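Trainee: Going by my numbering, the first residue of the sequence shown is number 159, and it counts up by one from there.
Structure below; questions to follow.
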Amino acid sequence: MPAPTVAVKTDTSILKYALTESVSKLWLIVAGAGLALCFWGGMKWAQHQVKPVLEQLQAQNQQLINKLSGEHHAR
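Here is the structure:
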């Protein structure tokens, strides 16, 4: 007695859609991670650029506070 054979038909459009969908989701994840990395790097660069300006402003504020508190005590 011969072994029974089964004819399997595969709908390639469904397979193609599933592969396309998974690849597009992967690219969305990669793009999101890349965007987050660029945002983080930009924030670090901005902090590096602003740090000297903030230090200068803090020093000026401290000088002004010292000057004003010295005038107050001199009266």
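Glycine residues also receive a C-beta, built at the ideal position from the N, C-alpha and C atoms.
These numbers come from a predicted model, not from an experiment.
Closer than 7 Å by C-beta to Lys209: which residues in its own chain qualify, once you throw out the five before and the five after it? Chain order, please.
Mentor: Once the five neighbours on either side are set aside, Lys209 has no close Cβ partner at all.
Trainee: Apart from the five residues on each side of it in sequence, which residues of its chain come closer than 8 Å, Cβ to Cβ, to Lys167?
Mentor: Excluding residues within five positions, none has a Cβ falling inside 8 Å.
Trainee: Once DSSP output is grouped into helix, strand and coil, what is the label at Lys167?
Mentor: Of the three classes helix, strand and coil, the one that applies to Lys167 here is coil, per DSSP.
Trainee: Under a three-way DSSP split, which group does Met159 fall into?
Mentor: Reduced to three states, the DSSP call for Met159 is coil.
Trainee: Counting only the same chain and skipping the five closest in sequence on each side, list residues whose C-beta sits under 8 Å from that of Gly228.
Mentor: Closer than 8 Å at Cβ, skipping near neighbours: no residue.
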